[in-house]
Amino acid sequence: MKQITPLTITGGKLVTPEGVTEGSIRLVDGLIETLGDIKPQDGDEVLNAKGALITPGLVDLGVFTVDKSACHFGGITRVALMPDQAPPLDYRARIQYAAYSGKPDLWVHPFAAATRGLDGRDLAEIAMMKDAGARAVATGRQWIADSGLMLRLLRYAAMLDLVVVTHAEDAAIVGEAAATAGEMATRLGLPAAPAEAEALAVGRDVALAELTGARVHFRQVTTRAALDLIRAAKGRGVNVTAGITPAHFMLSDLATVDFRTFARMSPPLRNEEDRKAVIEAIGDDTIDVIASGHDPRGPEDKRLPFGDAAPGMAGAETLLPLTLTLVRDGVIDIARALELLATNPAKLLNAPAGSLASGREADVALVDPQKPWIVDTRKMAASAGNTPFDGQPVQGRVLVLLKGGMRV
Amino acid sequence: MTLSKIPPASGRYPAGGLAFPHRDLLGIGQLERHEIMFLLDEAEQWVELNRQPSKHADALTGLTIINAFFENSTRTLLSFEIAGKRLGADVVNMHAAQSSVKKGETLIDTAITLNAMRADAIVIRHGSSGAVALIASKVDCPVLNAGDGQHEHPTQGLLDALALRHALRKRGETADDFTGLKVTICGDILHSRVARSNILCLTALGADVTCCAPPGLMPEGIEAMGVKATHKFEDALEGAEVIMMLRLQTERMEGQFIPSAREYHHLYGLTQERLVLAADDALVMHPGPMNRGVEIDSEVADMLDRSIITRQVEMGVAIRMACLEVLTRRGRGVEGWADTPGTSQTGETWI
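For the protein sequence lines, the chains are A and D, in the order given. Position 246 (the first sequence) corresponds to 246 in my numbering; numbering is contiguous. Every number in my numbering is 1000 more than the matching position in the second sequence, counting from 1.
Okay, structure coming up:
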């Protein structure tokens, strides 16, 4: 399927890194041809945006399942797939298979597992996986505890010019913990680890990034102490970036009250102070990426005692509206929101998408940022409805989504 | 048999079923102060019955009580079994070791199965915090938490309060609550559901609670539960009127949380010498089973005038009788209770 007829979207508000401007955009052969104050040409299909935002399709950096219907609902046209699959993405044929698994209307960029079987012991065949389509390397849900191996991994990835996406929690401190140490975990009697486990992990990996010059992306940075380390490292020019999921800027560990397993996350939800620190970090550019961490889980994984339940939430549908709460609260503007949701993740993946510019892939969404709706766990497009935001009124909905100029 | 029921002070709690508006007993955390007092007062009649030669009542005749224990237990299980039988109920015990839990059946399916057997009350112990609440959300009858992970062990909290009340009464104290009473809880606070239930129960009844544990066994944020926390046992003992020692699970602890049982005793063992630091007639408690020579010395554990450890066990049966009798009132159609339905804690919020 390839775009045959050129399409011009008129009467919209174009969201580009420079800001929001009224205008039109013309999509030809699956690419963005021109945008701005332009008119449809003869023979073009014309779509009137009726004042909606014209944004790049979202690039979701780190999902655990290829869940097309949820992604399309949420305006996501590209996902980076975590290597934590069964079996793990540690072999080039698996990368190749995963890379084709969403085509044509959802592009999947699989993360190559950093180590064989994701067990943190032996390096996987990263160069071969790169040639098979991997655009980044990831440690998966785990931190690589062996500092020597991490050092060698970063050197190797730097040679291949692949970003290393890492999970930042010191494994020895975290152990079997299911919650952040503090009043809530103590009251519930949950196995808990101090939030500083994150800063420890970030501290080591920042030092290794500085030593090797490798690009390191911390998939989720959720505490003030760790964000301070990232901020300082960026100030020194170290090649590090940081991501976050909406759960960590919307919720604190109070959400786990009554053992609500839908609020079990990895890393676990933090206290209110850290939640505020995350919002600050989004505002001051310390955080570069907002991703959904989409991980739909059925009752067999979630209807269990809290400590036994799987972490994670189905987040693809709510990624955009929850990020828009930051716009309404004045933390960021709409252009910056799309930078966090599309431009920056595309840059990390080195994918020709993620922003509205001539020559880029025609991955485009029409968004009504005001449209109200209510998150309903029973009516979700995702393959499971495990969201801690059930019943929450939100605003912002994707009206039309185009992948490579084709409507999905 | 006539029982001289201790009359509750008028206005101490609401009438009928409003005195205890819960379907389940999942934790002390869900209870108001007057609800705790109500259960303690209700238990008094059973203390008395249990001291008679014939210890039988027929309040629960014809009812089926299932004790579903997913974690090994001797004392608590026996206590619940005796409590049910003395009230005339048919009591059956389900041990996890013999159940399909080992065959991979999910907790929810086990709960649904238990429910289908139409028990009138289910008593559950499980190794995961919150597991009992999860089961309670899937069954139609009252559920009693007999210990869930590191969360709560409410009947232990209640029986300790009752044992304490009786010991204080014996000394001539007349108050039924513990306002201003200095209680020290020492041991593995981090992993202890007994500690959590006792903290909640004792603070609700007005006691001044101090927790003492080595750093690795003290949970973060414990002060938020209204207690003082210290690592120094001598400081915690200073002026304490009640000393509650917790069991140290030595096999899980040594080398990781503490260097050795010997060193633990060196710092935190309740010896006669240390007991001198406490108030003159300080009472000694322990939920059992004791590690003599680790957290508590035999001479202290066996002091007739100070140790109320066996009284705790005695009160355990009475408290469990009271809990079973009260929780089944709605099902039995007891006057004043049938028309005030007990609300289950979790039914609404769980998926």
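Beta carbons: idealized from backbone N, C-alpha and C, even for Gly. Since we're looking at a predicted model, the values are computed, not measured.
| Asked | Found |
| --- | --- |
| Cβ-Cβ distance between L81 (chain A) and H109 (chain A) below 8 Å | yes |
| Cβ-based neighbour list, Y1013 (chain D), same chain, cut-off 6 Å, excluding 5 preceding and 5 following | A1019, H1034, F1038 |
| Beta carbon proximity, Q1150 (chain D) to chain A, threshold 8 Å | yes |
| Contact belief for L188 (chain A) with S1129 (chain D) at Cβ below 8 Å, rounded distance in angstroms | 6 Å |
| Three-state secondary structure (DSSP) of S292 (chain A) | coil |
| Proximal chain A residues relative to G1316 (chain D), where beta-carbon distance stays under 8 Å | Those within 8 Å of G1316 (chain D) in chain A number zero; the least Cβ separation is about 21 Å. |
| Residues near L58 (chain A) in its chain [Cβ-Cβ closer than 6 Å; skip 5 each side] | G75, I76, L341, A342 |
| Any C-beta of chain A under 8 Å from that of A1213 (chain D) | no |
| Cβ-based burial, A1015 (chain D) [other Cβ within 10 Å; buried from 16] | exposed |
| Three-state secondary structure assigned by DSSP to H109 (chain A) | strand |
| Unbroken beta strand (DSSP E) run spanning D368 (chain A), endpoints | 364-374 |
| Buried versus exposed, by CB contacts within 10 Å (16 or more), S355 (chain A) | buried |
| Residue interval of the beta strand (DSSP E) (run including C1141 (chain D)) | Note, C1141 (chain D): premise wrong, no beta strand (DSSP E); not H, not E. |
| According to DSSP, residues forming a beta bridge with V165 (chain A) | A:A138, A:H217 |
| Proximity winner among A:A193, A:K103, A:A138, A:G283, relative to T166 (chain A) (alpha-carbon distances) | A:A138 |
| DSSP-derived helix/strand/coil call for N386 (chain A) | coil |
| Buried versus exposed call for P393 (chain A) [16 or more other C-beta atoms within 10 Å across all chains shown] | exposed |
| D1148 (chain D) (DSSP reduced to helix, strand or coil) | strand |
| DSSP three-state assignment for L251 (chain A), whether helix, strand or coil | coil |
| Any chain A beta carbon closer than 8 Å to E1220 (chain D) | yes |
| Continuous beta strand (DSSP E) stretch holding V400 (chain A): start and end | 393-403 |
| Neighbour flag for S1054 (chain D) against chain A, beta carbons, 8 Å | no |
| Under 7 Å from the C-beta of R1196 (chain D): neighbouring residues of chain A | G189 |
| Same chain, Cβ closer than 8 Å to I1351 (chain D), five either side skipped, listed in chain order | With a pLDDT of 27 at I1351 (chain D), under the threshold of 50, the predicted position of this residue should be treated as unreliable, though the coordinate-derived value follows. Result list for I1351 (chain D): empty, nothing under 8 Å. |
| Residues sharing a beta bridge with P104 (chain A), DSSP | Answer by DSSP bridge pairing: none, since P104 (chain A) is not bridged. |
| Cβ contact (3+ pairs, closer than 8 Å) linking the segment 1276-1292 of chain D and the segment 1305-1317 of chain D | yes |
| Cα-Cα separation between V400 (chain A) and G312 (chain A), rounded to whole angstroms | 28 Å |
| Segment contact, 8 Å Cβ cut-off, at least three pairs: the segment 1126-1143 of chain D with the segment 1175-1190 of chain D | no |
| Local conformation of S1298 (chain D) per DSSP, three classes | helix |
| Rounded separation between L1031 (chain D) and P246 (chain A) - CA only | 34 Å |
| CB contact below 8 Å: A1224 (chain D) versus chain A | yes |
| Within 7 Å of chain A by C-beta, residues of the segment 1072-1096 of chain D in sequence order | none |
| Interface flag, L254 (chain A) vs chain D, CB-CB below 8 Å | no |
| Integer Cβ distance of I126 (chain A) from L154 (chain A), believed to fall under 8 Å | I126 (chain A) to L154 (chain A), Cβ: 11 Å. No contact. |
| One or two residues paired with H1022 (chain D) in a DSSP bridge | D:T1343 |
| Cβ-heavy atom distance, R336 (chain A) to the ligand HEM, below 7 Å | Ligands displayed in this structure: none; no statement on the ligand HEM is therefore possible. |
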